[in-house]
Amino acid sequence: MNGEPGSVEVARDGDVAVVTLRREHKLNALSMHMETQLLTALRTQEVRTSRAVVVTGGNTVFSAGADVNEIRTLTPDAILAYYRNSGSVYEVFAELPQPTVVAVAGYCLGGGLELSLAGDIRIADETAVFGFPEIQIGILPSSGGVTRAARTLGYGRATDLILRGRRFGAHQALQWGLLTEVTNKGSHIRTALTIAHEIAEHDPLVVSVTKQVIHASPDASQAASLLLERLAYAVLNRTTPAAHAHDEVKQP
1 MNGEPGSVEV
11 ARDGDVAVVT
21 LRREHKLNAL
31 SMHMETQLLT
41 ALRTQEVRTS
51 RAVVVTGGNT
61 VFSAGADVNE
71 IRTLTPDAIL
81 AYYRNSGSVY
91 EVFAELPQPT
101 VVAVAGYCLG
111 GGLELSLAGD
121 IRIADETAVF
131 GFPEIQIGIL
141 PSSGGVTRAA
151 RTLGYGRATD
161 LILRGRRFGA
171 HQALQWGLLT
181 EVTNKGSHIR
191 TALTIAHEIA
201 EHDPLVVSVT
211 KQVIHASPDA
221 SQAASLLLER
231 LAYAVLNRTT
241 PAAHAHDEVK
251 QP
């Protein structure tokens, strides 16, 4: 899977899996072939046995977006089949049980932004450029972009971003809450790995259950969200060895 045009590279850095998009000559455009390779990568042993996952496009570009020319010629039935096959990669990525950190440099547009929004934590270096240009060609973000942008940025900012089709840089993305950190040029992958390793030090069951509670909370009522927290706590308190060492937890 390594070295071929449009390939996706998978490596391990200790307990952290590193998935790298390798289609630089096409700005890591997410063709159906590329999406299929990414699906395969997310199902490898390296990823499945990891405690955290870092996804990056390398040092110059994350992804300039999906290859919309492939989809524009499809019939409605074929489009639905696409979302069941290679187009499912965005949801597969979002639903990984372990936490995911996305490391962005350069363009992160269209489908690339949708992929990054499907991650749990986003880091970018100062060269990053974000945007949804779909409105300019008569379509909309359709792989979770509308939904996740609204939840991450809020209704107003998501509407502004999607309907105007404009682009914005890393510091604006940080201010809007899309990113958790902006790094110097070329430091985004190292920073993402540091964060992933920090998370990987914790009990994997606790991390996975907590991630699922966080993901479910926005769709739940306050009462249901509180109940989910308490049920998850009760389960973890009975099943994880670390939960029985409360006295050893360091106080701030």
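Residue numbering for the sequence shown follows the UniProt record's numbering, beginning at 1 and increasing consecutively.
Backbone N, C-alpha and C fix where the C-beta goes; we use that ideal spot for every residue, glycine too.
Nearest residue (CA-CA) to residue i, options the options
{"i": "L163", "options": "T44, G144, T191, E134", "result": "E134"}
{"i": "G65", "options": "L96, F132, L80, V89", "result": "F132"}
{"i": "R167", "options": "G144, Q136, V235, A216", "result": "Q136"}
{"i": "A118", "options": "L179, L161, L226", "result": "L179"}
{"i": "E46", "options": "V209, R157, H215, Q98", "result": "Q98"}
{"i": "L38", "options": "N59, G87, T127", "result": "G87"}
{"i": "L193", "options": "R48, A52, S7", "result": "A52"}
{"i": "L42", "options": "G58, R22, V10", "result": "V10"}
{"i": "E70", "options": "H33, G156, V102", "result": "H33"}
{"i": "residue 264", "options": "R230, N184, T127, E95", "result": "No answer is possible for residue 264: the residues shown for the chain start at 1 and end at 252."}
{"i": "V101", "options": "V18, T239, Q172, V8", "result": "V18"}
{"i": "G138", "options": "S7, L161, G165", "result": "G165"}
{"i": "S31", "options": "R12, E91, S217, V8", "result": "V8"}
{"i": "D160", "options": "A170, H171, W176", "result": "W176"}
Cα-Cα separation between residue i and residue j, rounded to whole angstroms
{"i": "A29", "j": "Y107", "result": "10 Å"}
{"i": "E114", "j": "V206", "result": "27 Å"}
{"i": "L80", "j": "A224", "result": "32 Å"}
{"i": "H25", "j": "T147", "result": "30 Å"}
{"i": "G154", "j": "S142", "result": "18 Å"}
{"i": "V209", "j": "A232", "result": "7 Å"}
{"i": "V129", "j": "E201", "result": "32 Å"}
{"i": "T40", "j": "L174", "result": "31 Å"}
{"i": "L74", "j": "V68", "result": "10 Å"}
{"i": "residue 257", "j": "A158", "result": "Nothing can be reported for residue 257: it is not among the residues displayed for the chain, which extend from 1 to 252."}
{"i": "E126", "j": "A150", "result": "24 Å"}
{"i": "H215", "j": "L27", "result": "30 Å"}
{"i": "S116", "j": "G145", "result": "9 Å"}
{"i": "S187", "j": "N237", "result": "38 Å"}
{"i": "P204", "j": "A196", "result": "12 Å"}
{"i": "M1", "j": "R230", "result": "Unreliable placement is indicated for M1, whose pLDDT of 45 sits below 50; no coordinate value is reported for it."}
{"i": "T20", "j": "V54", "result": "8 Å"}
{"i": "R12", "j": "E91", "result": "22 Å"}
{"i": "T36", "j": "V89", "result": "8 Å"}
{"i": "N50", "j": "F93", "result": "Inspection of the sequence shows that residue 50 is occupied by Ser rather than by Asn. One C-alpha to the other measures close to 14 Å."}
{"i": "N184", "j": "T152", "result": "24 Å"}
{"i": "R23", "j": "G58", "result": "10 Å"}
{"i": "G169", "j": "V182", "result": "10 Å"}
Which residues DSSP lists as bridging residue i, in chain order
{"i": "E9", "result": "T20"}
{"i": "F130", "result": "C108, F168"}
{"i": "D125", "result": "T183"}
{"i": "L30", "result": "A66"}
Min CB distance residue i to chain D below 7 Å
{"i": "Y82", "result": "You won't find chain D in this structure, because it holds only one protein chain."}
Cβ neighbour criterion (16 or more within 10 Å) applied to residue i
{"i": "V16", "result": "buried"}
{"i": "C112", "result": "Per the sequence shown, residue 112 should be read as Gly rather than Cys. With 16 or more other Cβ atoms within 10 Å, it is buried."}
{"i": "R122", "result": "buried"}
{"i": "E63", "result": "Glu is not the amino acid found at residue 63; the sequence shown has Ser there. Result: buried."}
{"i": "S221", "result": "exposed"}
{"i": "V104", "result": "buried"}
{"i": "A124", "result": "buried"}
{"i": "D77", "result": "exposed"}
{"i": "D247", "result": "Per-residue confidence for D247 stands at a pLDDT of 44, beneath the threshold of 50, marking its modelled position as unreliable; the derived number appears in the next sentence. Flag for D247 reads exposed."}
{"i": "R84", "result": "exposed"}
{"i": "D219", "result": "exposed"}
{"i": "E198", "result": "exposed"}
{"i": "V235", "result": "exposed"}
{"i": "G14", "result": "exposed"}
{"i": "L109", "result": "buried"}
{"i": "residue 255", "result": "The structure shown has nothing for residue 255, since the chain only spans 1 to 252."}
{"i": "V249", "result": "Here V249 scores only 45 on pLDDT, less than 50, and its place in the model is too uncertain to base an answer on."}
{"i": "T60", "result": "exposed"}
{"i": "L239", "result": "Residue identity differs from the one stated: residue 239 is Thr in this sequence, not Leu. By the 10 Å Cβ count, T239 comes out exposed."}
Subject >> Every unbroken alpha helix (DSSP H) inside the stretch 158-207 [4 residues or more] >> reply: Listed in chain order, they are 170-176, 188-200.
**OP:** Starting from the N-terminal side, write out each stretch of the alpha helix (DSSP H) that is 4 residues or longer and does not extend beyond the stretch 51-120.
**Re:** 68-72, 76-84, 89-94, 111-117
Original post:
Which ranges does the alpha helix (DSSP H) cover as unbroken runs of at least 4 residues, wholly within the stretch 131-155, from first to last along the chain?
Top reply: 145-153
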